[in-house]
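In the working numbering, the protein residues as written are 35 to 393.
Okay, structure coming up:
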C-alpha cells in the first residue's frame with residue numbers, strides 16, 4: 035500500500051479557462067517547470083496542448099528535452115540561462131537572452147550550425163536575479179535585431195512581489211518595464227511581465243502574454259482561497275494499522291508526543307520520504323471527509339501517526355488526505371499560511387515513490 039496523488043486534469047482546464055475569462059486578449063504561457071509543480075510534466079503538457087495552449091514555460095534544458103522527446107505539439111519557452119545543444123535547438127523552443135555575452139554565445143554556436151534561434155530578452159527591472167541591466171537593454175536589443183542568427187520575438191521581466199498589491203517596489207518595476215517597452219519600436223515584438231499573482235493584482239499590465247504557474251494548479255497566489263480555482267492535486271495515504279494508546283504512552287522517534295489520555299491512533303503509510311514535511315510533526319493535520327485528525331509524534335520517513343479519537347462513525351477510514359481534496363481546510367493556501375511558507379515547496383517535494391493517478 036502506497037501513498038498517491040490524484041491529479042484532476044479537468045480541474046486544470048477549469049483553472050486555465052477561468053484565467054482566460056478574467057483577462058482581455060493576453061495569451062497564457064503556463065509554467066510547467068519542476069515536474070509541473072509536482073503534477074507530472076508530460077501529462078500536464080499533453081492536456082494543455084489539447085486545450086488551445088500553444089506555449090509552456092520551463093526552467094532547465096532537461097525539461098526542454100523531456101517535452102521534445104514526447105512529441106507533444108507545444109512551443110517551449112525556456113526561462114533559464116541559455117545553454118545550447120543540438121537536441122534542444124528546435125523550431126519550437128524559445129530561449130532567453132540575459133546579457134550581451136548571451137548574444138555573443140548565440141552567434142558563435144548558431145554560426146557553426148547555420149541555425150536561427152528564437153529568443154526573448156529578459157530585463158532586470160528590480161528583482162536582481164536573471165535579466166540584463168536596464169542600462170544595457172538598448173545595446174542588447176540592437177545587437178539581437180542585427181544578428182542573422184537571432185529571431186527576436188519578445189521582451190519580458192518579472193515582478194519580485196506580485197502577491198503584494200501595496201508593494202512600492204512593484205510600482206518601481208512596472209515603471210521600469212514601461213520605459214523598456216517605450217524603447218521598442220518594432221511592432222512584431224511581444225511583451226510579458228506577470229505571473230499568477232500579477233494576473234490578479236496588476237490587470238492593467240497584462241501585455242501580450244502572462245506566465246501563470248501556481249494558479250493553473252488551483253491554488254491562489256494571494257494566500258486567500260479563490261473558489262474559482264479548483265485544486266488539481268489531492269495527496270492521499272492509506273491507514274495501515276490502528277492502535278489503542280494509553281495515557282503516558284510515548285509516540286514515535288524522540289518520544290516527542292506523550293499521550294495525556296487514552297486515545298485511538300491510526301498509522302498512515304506516508305512520511306517525509308513521500309513529501310510530508312517534517313514540520314508537520316505534532317503540528318500538522320490530515321483530513322477525511324469533514325474530519326481533521328492531528329498528527330502526533332514526529333513525521334518519520336515512511337509513517338505518520340494520527341489521533342482519530344474523535345472519529346465515531348461506523349465507516350472505516352481507508353485513506354486520509356494530506357492536502358488537496360474537498361475539505362476547505364486541506365487546501366494548500368491554509369496549510370502554507372499556518373506554517374509560514376509557500377505552497378510551492380509542498381507541491382514540488384512530492385517524491386518519486388508516490389504514485390500519480392490522473393482522473
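Glycine is no exception: its CB is placed at the ideal position from the N, C-alpha and C atoms.
Span of the alpha helix (DSSP H), counted from its first residue to its last, around residue i
| i | result |
| --- | --- |
| residue 75 | 75 to 83 |
| residue 377 | 377 to 381 |
| residue 264 | First-last for residue 264: undefined, no H or E at that position. |
| residue 101 | 95 to 104 |
| residue 70 | 67 to 72 |
Same chain only: Cβ atoms within 8 Å of residue i, ignoring 5 sequence neighbours per side
| i | result |
| --- | --- |
| residue 365 | 253, 259, 265, 357, 358 |
| residue 104 | 76, 79, 80 |
| residue 120 | 147 |
| residue 168 | 157, 158, 159, 210, 213, 214 |
| residue 183 | 140, 141, 144, 145, 149, 150, 151 |
Exposure label - residue i; buried when at least 16 CB within 10 Å
| i | result |
| --- | --- |
| residue 290 | exposed |
| residue 156 | buried |
| residue 35 | exposed |
| residue 352 | exposed |
| residue 172 | exposed |
| residue 322 | buried |
| residue 192 | buried |
| residue 273 | buried |
| residue 217 | exposed |
| residue 142 | exposed |
| residue 179 | exposed |
| residue 282 | exposed |
Residue range of the unbroken beta strand (DSSP E) whose run includes residue i
| i | result |
| --- | --- |
| residue 367 | Run containing residue 367: none in the beta strand (DSSP E); it sits in the alpha helix (DSSP H), 366 to 372. |
| residue 109 | 109 to 112 |
| residue 54 | Run containing residue 54: none in the beta strand (DSSP E); it sits in the alpha helix (DSSP H), 43 to 55. |
| residue 167 | From DSSP, residue 167 is part of no beta strand (DSSP E); its letter is neither H nor E. |
| residue 321 | 319 to 322 |
| residue 313 | Where residue 313 is concerned, there is no enclosing beta strand (DSSP E), given that its DSSP letter is neither H nor E. |
| residue 390 | 389 to 392 |
| residue 91 | 89 to 92 |
| residue 302 | 297 to 302 |
Residue of the options minimising C-alpha distance to residue i
| i | options | result |
| --- | --- | --- |
| residue 368 | 117, 84, 255, 112 | 255 |
| residue 164 | 112, 63, 311 | 112 |
| residue 335 | 46, 314, 341 | 314 |
| residue 118 | 317, 130, 288 | 130 |
| residue 198 | 217, 236, 328 | 236 |
| residue 286 | 135, 302, 65 | 302 |
| residue 261 | 374, 379, 45 | 45 |
| residue 269 | 71, 143, 141, 384 | 384 |
| residue 221 | 201, 187, 240 | 187 |
| residue 58 | 300, 238, 308, 318 | 238 |
| residue 251 | 60, 98, 74, 38 | 74 |
| residue 127 | 135, 138, 95, 136 | 95 |
| residue 406 | 380, 292, 151, 93 | As shown, the chain starts at 35 and ends at 393. That puts residue 406 outside it, with no answer to give. |
| residue 70 | 267, 328, 330 | 267 |
| residue 109 | 64, 308, 90, 292 | 90 |
Close-in-space but distant-in-sequence residues of the same chain around residue i (CB under 7 Å, 5 per side omitted)
| i | result |
| --- | --- |
| residue 160 | 194, 203, 206, 207, 210 |
| residue 343 | 297, 298 |
| residue 62 | 50, 53, 54, 87, 244, 246 |
| residue 60 | 240, 241, 242, 243, 244 |
Same chain, Cβ closer than 6 Å to residue i, five either side skipped, listed in chain order
| i | result |
| --- | --- |
| residue 190 | 154, 156, 226 |
| residue 373 | 313 |
| residue 277 | 299 |
| residue 248 | 230, 255 |
- [ ] Entirely within the stretch 179 to 232 and at least 3 residues each: give me those beta strand (DSSP E) ranges in chain order.
- [x] Whole beta strand (DSSP E) segments, 3+ residues: 184 to 190, 224 to 226.
Task: Whole runs of the alpha helix (DSSP H) within the stretch 129 to 164, excluding any shorter than 4 residues - done: As far as the stretch 129 to 164 is concerned, its whole alpha helix (DSSP H) runs of at least 4 residues are 134 to 147.
- [ ] Jot down the residue ranges of each uninterrupted beta strand (DSSP E) in the stretch 326 to 371, minimum 3 residues, whole runs only, in chain order.
- [x] 338 to 341, 353 to 357
Open item on the list: Give the list of continuous alpha helix (DSSP H) stretches no shorter than 4 residues that lie fully inside the stretch 229 to 253.
Closed with: 230 to 235
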